[in-house]
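In what follows, a structure is listed as structure tokens, so that the remarks can point back to it.
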Amino acid sequence: MTTAVVVPEASRAEWFTSFDVEAFEQPSGREEIWRFTPMKRLAGLHTGAAATGAASVDVDAPAEVTVETVDRADARLGAGGVPADRVAAQAYSSFTAATVLTVGKEVVASAPTTVTITGPGAGKLAYGHLQIRAERFAEAVVVLDHRGSGVYADNVEFVLDDSAKLTVVSIQDWADDAVHVSAHHAKIGRDARLRHTVVTLGGDVVRVSPTAAFADKGGEVDLSGLYFADAGQHFEHRTFVDHAVPNCTSNVTYKGALQGQDAHTVWIGDVLIRAAAEGTQTYELNRNLLLTDGARADSVPNLEIETGEIAGAGHASATGRFDDEQLFYLQARGIPEDQARRLVVRGFFHELLMKIQVPEVRERLEAAIEAELEAVGA
Numbered sequence: 000m001t002t003a004v005v006v007p008e009a010s011r012a013e014w015f016t017s018f019d020v021e022a023f024e025q026p027s028g029r030e031e032i033w034r035f036t037p038m039k040r041l042a043g044l045h046t047g048a049a050a051t052g053a054a055s056v057d058v059d060a061p062a063e064v065t066v067e068t069v070d071r072a073d074a075r076l077g078a079g080g081v082p083a084d085r086v087a088a089q090a091y092s093s094f095t096a097a098t099v100l101t102v103g104k105e106v107v108a109s110a111p112t113t114v115t116i117t118g119p120g121a122g123k124l125a126y127g128h129l130q131i132r133a134e135r136f137a138e139a140v141v142v143l144d145h146r147g148s149g150v151y152a153d154n155v156e157f158v159l160d161d162s163a164k165l166t167v168v169s170i171q172d173w174a175d176d177a178v179h180v181s182a183h184h185a186k187i188g189r190d191a192r193l194r195h196t197v198v199t200l201g202g203d204v205v206r207v208s209p210t211a212a213f214a215d216k217g218g219e220v221d222l223s224g225l226y227f228a229d230a231g232q233h234f235e236h237r238t239f240v241d242h243a244v245p246n247c248t249s250n251v252t253y254k255g256a257l258q259g260q261d262a263h264t265v266w267i268g269d270v271l272i273r274a275a276a277e278g279t280q281t282y283e284l285n286r287n288l289l290l291t292d293g294a295r296a297d298s299v300p301n302l303e304i305e306t307g308e309i310a311g312a313g314h315a316s317a318t319g320r321f322d323d324e325q326l327f328y329l330q331a332r333g334i335p336e337d338q339a340r341r342l343v344v345r346g347f348f349h350e351l352l353m354k355i356q357v358p359e360v361r362e363r364l365e366a367a368i369e370a371e372l373e374a375v376g377a
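In numbering that gives the first Met the number 0, the protein residues as written are 0 to 377.
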């Protein structure tokens, strides 16, 4: 039997949205949505400091994908979603040009599209905006590759029309000094399907907030994440799935590994099933593997249900060290301890790596994980 949870309106303040920066108070770090974030390390993103540089955006797309650079007046911007915090609103009000990628009606892209975003440079701050549109029955794979130095805040929109299929891989492989705060907004049409994977490996402070909202029945969303934090790094991922219409499905799976003193990861998973969303099927999972002492992982799954007429809903979260039984099993078969530990970590991430449909990207990430393990002699 399913128990309906009635949620007071006041508890939804976190999901208030607006394009107006002044609609949001300047965060102090005591607010629920900022309480895990090291505000002093955001380099002024939350205070509205003026941009002093520009990030470069390079697009490598097949012929079937239309690539445009548009100004702020383009009426399509904002169709994917509205900022839900002050940094996202500041980024929306501060960008000078946006990149729009469009996959036309019934078009199946022949190759993945790669969007490479390079930071503005050490000590500089910039804002950006990207929108990816998949029209009816369109299919495409898009890779977002973030690299370089600097401070960068952006909004990324995914607009899926009816029966569209979009696969997205967002890689945060910044230099050690980089600060990146990114809000991802997805609007899912009838029977549309979004596969969204976030991979965070580099940067000083990285905070990515994917939000998915269903616009019509039959939509499917799969939000996945893989992160590997080293000493001093802060990686934060906040997912929100808004089930507002009937018969939609969502699945959230994030996994992370941490090593080194003061390595810190945060995962907040929010799912809201509104009263009208009968027949919803949803599940969210977070797993964290602590490889050394001195690392900390915070994991908070939240599930709010306003109707008892759902197909299923659940969540799970766990943080721990290596499984001694797994290590013993491998060592008992003649595998040295260091190699056994590597195998355990590879197996831990295997499920998510296999979701990445671009072989060269998957191989790159496997090599990056191996390099992380070598750093501590795992």
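Beta carbons are placed, not taken as given, at the ideal position from N, Cα and C, and that holds for glycine.
Considering only residues of the same chain and omitting the five flanking positions on each side of residue i, which have a CB-CB separation below 6 Å?
i: Ser249; result: Val220, Val240 and Thr281
i: His314; result: Glu283, Pro300 and Leu302
i: Val167; result: Val141 and His195
i: Ser316; result: Asn285, Ser298 and Pro300
i: Ala12; result: At Ala12, the pLDDT of 39 sits below 50, so the modelled position is not reliable and the matter cannot be decided from this model.
i: Asp160; result: Glu134, Arg135 and Gly188
i: Tyr151; result: Ala54, Gly118, Ala125 and His179
i: Glu105; result: Phe136
DSSP puts residue i in a beta bridge; with which residues?
i: Val344; result: Looking at the DSSP assignment, Val344 forms no beta bridge with any residue, so it has no partner.
i: Asn301; result: Asp269
i: Gly280; result: The sequence shown places Gln at residue 280, rather than the Gly named in the question. Its beta-bridge partners are Thr248 and Gly311.
i: Ala296; result: Thr264
i: Ala256; result: Phe227 and Leu288
i: Glu219; result: Arg192 and Thr248
i: Glu235; result: Arg206 and Val265
i: Phe213; result: Ile187
i: Val357; result: Answer is none; Val357 lacks a bridge partner.
i: Ala317; result: Arg286
Tell me whether residue i is buried or exposed, calling it buried when 16 or more other Cβ atoms sit within 10 Å of its Cβ.
i: Asp229; result: buried
i: Glu373; result: exposed
i: Gln330; result: exposed
i: Ser148; result: buried
i: Pro358; result: exposed
i: Ser169; result: buried
i: Arg71; result: exposed
i: Gly122; result: exposed
i: Val107; result: exposed
i: Phe18; result: exposed
i: Glu324; result: exposed
i: Gly79; result: buried
i: Val40; result: The sequence given here has Arg at residue 40, not Val. Arg40 should be labelled exposed.
i: Asp337; result: exposed
i: Arg320; result: exposed
i: Thr210; result: buried
i: Phe234; result: buried
i: Ser27; result: exposed
i: Asp175; result: exposed
From residue i to residue j, what does the alpha carbon distance come to, in whole angstroms?
i: Gln25; j: Ala139; result: 38 Å
i: Gly259; j: Gly52; result: 32 Å
i: Gln171; j: Leu364; result: 11 Å
i: Glu67; j: Val198; result: 26 Å
i: Thr115; j: Ala339; result: 35 Å
i: Ala256; j: Ala125; result: 29 Å
i: Tyr253; j: Glu350; result: 10 Å
i: Val6; j: Ala275; result: With a pLDDT of 38 at Val6, under the threshold of 50, the predicted position of this residue should be treated as unreliable, though the coordinate-derived value follows. For Val6 and Ala275, the distance between alpha carbons rounds to 14 Å.
i: Met0; j: Ala312; result: For Met0, the pLDDT reaches just 33, beneath the cut-off of 50, and the residue's location in the model is therefore unreliable, leaving the point undetermined.
i: Val265; j: Ala83; result: 18 Å
i: Gly120; j: Ile368; result: 25 Å
i: Glu30; j: Val178; result: 20 Å
i: Ala22; j: Thr112; result: 35 Å
i: Val58; j: Gly333; result: 48 Å
i: Gly155; j: Leu143; result: Before going on, a small fix: residue 155 reads as Val here, not Gly. Taking the straight line from one Cα to the other gives about 10 Å.
i: Lys216; j: Leu342; result: 41 Å
i: Leu200; j: Trp173; result: 7 Å
i: Leu100; j: Ile272; result: 30 Å
i: Ser223; j: Ile355; result: 10 Å
i: Gln89; j: Val270; result: 25 Å
i: Ala243; j: Val158; result: 16 Å
i: Met353; j: Val180; result: 26 Å
i: Leu165; j: Val102; result: 10 Å
i: Lys186; j: Arg206; result: 21 Å
i: Thr318; j: Ala366; result: 24 Å
i: His145; j: Gly43; result: 20 Å
i: Val344; j: Leu288; result: 8 Å
Sorted by chain position, which residues of the same chain lie with C-beta nearer than 8 Å to residue i's C-beta, five sequence neighbours on each side aside?
i: Glu277; result: Pro245, Asn246, Thr306, Glu308 and Ile309
i: Gly231; result: Asp203, Gly259, Gln260, Asp261 and Ala262
i: Thr46; result: Gln25
Within a Cβ cutoff of 7 Å, which residues of the same chain sit near residue i, ignoring the five residues on either side of it in sequence?
i: Arg237; result: Ser208 and Ile267
i: Ser55; result: Thr117
i: Ala110; result: Pro61
Flag residue i as yes when its Cβ comes closer than 7 Å to any non-hydrogen atom of the ligand ZN, and as no otherwise.
i: Ala125; result: Summarising the ligand content, the structure contains no ligands, and the ligand ZN is consequently not present.
ask   = Which runs of the beta strand (DSSP E) spanning at least 3 residues fall entirely within the segment 155 to 197, listed in chain order?
value = Taken in chain order, the unbroken stretches of beta strand (DSSP E) that lie wholly in the segment 155 to 197 and span 3 residues or more are 164 to 172 and 178 to 187.
task = Please go through the segment 81 to 157 and give each complete beta strand (DSSP E) segment of 3 or more residues, from N-terminal end onward.
result = Counting only runs of 3 or more, we get 97 to 102, 112 to 117, 124 to 133 and 138 to 146.
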